[in-house]
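Throughout the sequence shown, residue numbering follows our numbering, covering 11 to 475 in sequence. These notes are about the structure you will find just below.
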Amino acid sequence: MIKKYLILGTLPLLFACTEENTSENPLLSVSANGAALPYSVMDVSLFDTDSNSIELRNGGYGSGAAINPKNPQQFFALTDRGPNGDYVDGELGEGKIFPVVDYTPRIGLFEIRDGAAVKIKDILLRDRNGNPVTGLPNSANLGGTGEIPYHTDLTPILVDDSKAYDAETNPVKLDDYGIDSEGLAAMKDGTFWVSDEYGPHMVHFDANGKEIDRINPFSNDTRTRCNLPAEFKNRRANRGMEGLAVTPDQNTLVGIMQSAMYNPDKSVKKTDITRIVAVSLGDCTIRQYLYRQDQQGLSNSEIVALNNDTFIVIERDGDYLADNAATVKKVYKITLSSGTNLEAVNAMGTNQDANTGLMVGGKTLEQVVFGSDGKNLDAGWQQLAGLNITPVSKSLVVDMAAKGYAHDKMEGLVVIDEHHLGILNDDDFAMGSNENGTLFQKYLPGADIDGNVFYVVDADLSVKE
C-alpha cells in the first residue's frame, strides 16, 4: 500500500521574514513556502504493492549544505549514497536495496532567481583515479559494517551478476571508495570535505569532485594522512558522522555523530549521548567533546560554524508533524570550549583505551550514561560531571516544528547572515521502504510527493567575541 501522510487544517508558514526580504541577497527572496529544488525523473520502472509506479527522482540534495565561499549568494547541496531501502531478511544477511546500483553521490550548486531555486551545476564525487564512486558498501577493514547490497528483485548485487554467488570467486559487489555522504564543508580554495555515516570517513575532494585526501579511524588505510580515534569504528551503522563543518580560519574540521555510538556494543543504543570531533588539518591534533541530546533516540544531522568555537547544530527525530505533534526539529547553538575535551582528561579512575577511548571505572562513556538499564540517564551524566566531564552547552536558536515544518528529515543548514538560516530537507529521492524490502513512493502531508525544499527562517546567529 502506498504510504501517504495527510494533515487536517493548515500548517503555519512562518519561515521568511518579509521585512528583511528586501535585501540584495537573492537567497532572502524565498517565500514562506520555500523554494523547491529542481529535479529530473530517474526511473519509473519500480512499482509498489498496489502496482502503482514509483517515481524515483534525481534530486536528493538534502543530506548537507554549505554557502559557496566564492559567492555567498549561492549554496551547495549534497546528496547521500543514492536511492536505497532497508532489507532485513536478505538471503546473505541484512542489507540495503539499491535501485540504481551505479548512482554517483554528488554536490549540486544552486542559486535563487526571482524566489525560485535554480541548479547551476553538479559535481560528481570521484575516486583518486577520477572514476565515479558509488554508494555501495566498503569492505570490512575500510569502513564496511557487513551490509549486503541487493537489487530490487532482492537478489544480491554481485561482482558479476551473470554468474552465481560464490564468496571466493564471485562475491557481493563492494566499493572501497563508496560513500554515504552526509556532511559538507565547502572550503575557500574551492575544494570540499565530505563526511559519511558508515566508516565514518572525512573525505577531501578537489573542486571537480576528485578525492585528494581522507581521514578515518582505520590506521591500516593507506589513503589517510591522519586518523580519527579508534572508538569511532564503533559507530552505529547508518548513524555515523552526519554533520561536518570547517572553522572560518579553515584550520579545523568539526564533525558530529548522528547518534550514540555502539561503544562498546549496541547494548548502549538508547542513550542521549553523542560525540563531536575536531581535527586540526595542520598537525592532525584531535579534540573530542560530548553532546547531550534532549531525549533518547534523536539525531544530530548537521553542524555549521559561526566562529572557531561556536557552532549551530540540528537535533531532530524522523517523524512528521502530521503524525506527531511533539516532533523534534530544532537548531541549537553550541560552544566547544564549554565542554570537556575528552582527549585531555586524566581524572582519577579514568583511562584512555586504545579501542574504546576514554573510560571511567572500566566503562565507556556510553555505558556510564546508559547505566544498568537506560532508565536513569541523569545519574550517568552526574557521575561524569563529578569528574569534570561535561557536554558542550547549548541554547535554542529555532524550533522548526513550532513553525509548522512538515518534513521528516531536516538535514541541510546554511548561515545566510546573522539574522537568517537556510534549511533543507532530505527527500530520499522520493522513495521509501519497509524493512522487508517493500518500496513505496515517499509522500508529504497533503499527498504531495516529497521533494527538496529550501526554506529561509529568521534566527539570531550573532556571536559574542
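From the three backbone atoms N, C-alpha and C, an ideal C-beta is built for every residue, glycine too.
For this session: Give the straight-line distance between the Cα atoms of asparagine 226 and histidine 214, rounded to the nearest whole angstrom.
Result: Take the alpha-carbon of asparagine 226 and the one of histidine 214: they are about 11 Å apart.
Exercise. To the nearest angstrom, how far is it from the Cα of phenylalanine 202 to the Cα of histidine 430?
Worked result: Roughly 23 Å between the two C-alpha positions.
Problem set entry | Rounded straight-line distance, which links the Cα of tyrosine 330 to that of aspartate 163 | The C-alpha of tyrosine 330 is placed about 30 Å away from the C-alpha of aspartate 163.
For this session: Classify glycine 44 as buried or exposed, calling it buried when 16 or more other Cβ atoms lie within 10 Å of its own Cβ.
Result: The C-beta of glycine 44 has 16 or more other C-beta atoms within 10 Å across all chains shown, which makes the residue buried.
Problem set entry | Length at least 4, wholly inside the region 389-462: the alpha helix (DSSP H) runs in chain order | The alpha helix (DSSP H) runs lying completely inside the region 389-462 and spanning 4 residues or more number zero.
Problem set entry | Spatial distance of valine 182 from isoleucine 107 (CA atoms) | Per the coordinates, the alpha-carbon of valine 182 lies some 13 Å from the alpha-carbon of isoleucine 107.
Exercise. What does a CB cutoff of less than 6 Å around alanine 354 pick up in its chain, not counting 5 residues either side in sequence?
Worked result: The same chain holds no residue with a CB closer than 6 Å to that of alanine 354 once the five nearest residues on each side in sequence are set aside.
Exercise. Do the region 407-420 and the region 331-346 make contact, defined as three or more Cβ pairs closer than 8 Å?
Worked result: The answer is yes - the region 331-346 touches the region 407-420, with three or more Cβ pairs under 8 Å.
Exercise. For the candidate residues Asp275, Asp333, Asn317, Tyr301, whose alpha-carbon lies nearest to that of isoleucine 324?
Worked result: Selected option, being the one with the closest Cα: Tyr301.
Problem set entry | Contact between the region 454-473 and the region 63-71 (3+ Cβ pairs under 8 Å) | Short answer: they touch.
Exercise. When burial is assigned at 16 or more other CB atoms within 10 Å of the CB, is glutamate 241 buried or exposed?
Worked result: Burial state of glutamate 241 is buried, judged by a 10 Å Cβ sphere holding 16 or more other Cβ atoms.
Problem set entry | Beta-carbon separation (whole angstroms), isoleucine 77 vs valine 424, contact threshold 8 Å | At roughly 5 Å, the Cβ-Cβ gap stays under 8 Å, so isoleucine 77 and valine 424 are in contact.
For this session: Flag this pair as yes or no: are the beta carbons of valine 402 and glycine 442 separated by less than 8 Å?
Result: Note that the C-beta distance between valine 402 and glycine 442 is not below 8 Å.
For this session: Please name the residue in Gly100, Asp90, Asp327, Pro210 whose C-alpha comes closest to that of glutamate 445.
Result: Looking at the Cα atoms, Gly100 is the closest of the given residues.
Exercise. For the beta strand (DSSP E) that valine 182 lies in, which residues bound it at each end?
Worked result: Per DSSP, valine 182 belongs to no beta strand (DSSP E) and is neither H nor E.
Exercise. With 16 as the cutoff for other CB atoms within 10 Å, does glutamine 305 come out buried or exposed?
Worked result: By the Cβ-count criterion, glutamine 305 is exposed, with fewer than 16 other Cβ atoms from all chains shown falling within 10 Å of its own Cβ.
For this session: Pick helix, strand or coil for valine 40, following the three-state DSSP scheme.
Result: Coil, per DSSP.
For this session: Alpha carbon to alpha carbon, how far is proline 210 from lysine 243? Give it in angstroms, no decimals.
Result: Each residue's alpha carbon lies about 7 Å from the other.
For this session: Output the boundary residues of the beta strand (DSSP E) element that contains glutamine 83.
Result: It spans 81-88 - the beta strand (DSSP E) in which glutamine 83 sits, taken as one unbroken run.
For this session: Determine, using beta carbons only, whether serine 73 and threonine 89 come nearer to each other than 8 Å.
Result: In this structure, threonine 89 lies closer than 8 Å to serine 73 by Cβ.
For this session: Could you name each continuous beta strand (DSSP E) segment of 3 residues or more that falls completely within the region 120-204, going from the start of the chain to the end?
Result: Fully contained in the region 120-204 are the following beta strand (DSSP E) runs of length 3 or more, in chain order: 126-134, 158-160, 191-196.
For this session: Give me the Cβ distance between glutamate 207 and glutamate 252, rounded to the nearest whole Å; I'm assuming they're in contact under 8 Å.
Result: Contact between glutamate 207 and glutamate 252 is confirmed by a C-beta separation of about 6 Å, below the 8 Å threshold.
Exercise. If you check the beta carbons only, do isoleucine 266 and isoleucine 313 fall under 8 Å apart?
Worked result: Taking 8 Å as the cut-off, the Cβ atoms of isoleucine 266 and isoleucine 313 count as close.
For this session: State the beta-bridge partners of glycine 253 as determined by DSSP.
Result: When beta bridges are read from the DSSP output, glycine 253 appears opposite Ile266.
Problem set entry | For glutamine 377, the first and last residue of its enclosing alpha helix (DSSP H) | Residues 375-380.
For this session: From the DSSP output, in three-state form, read off glutamate 312 for me.
Result: Here glutamate 312 sits in strand by DSSP.
Problem set entry | heavy atom of the ligand FMN below 7 Å from asparagine 62 C-beta | Of the ligands one can find in the structure shown there are none, so the ligand FMN has no counterpart to examine.
Exercise. When DSSP labels each residue in this structure, what does threonine 32 get in the three-state scheme?
Worked result: Model confidence at threonine 32 stands at a pLDDT of 45, short of 50, so the residue's coordinates are unreliable; what they give is reported in the following sentence. Annotated three-state conformation of threonine 32 is helix, per DSSP.
Exercise. Can you name the start and end residues of the beta strand (DSSP E) that lysine 343 belongs to?
Worked result: Lysine 343 -> beta strand (DSSP E) spans 339-345.
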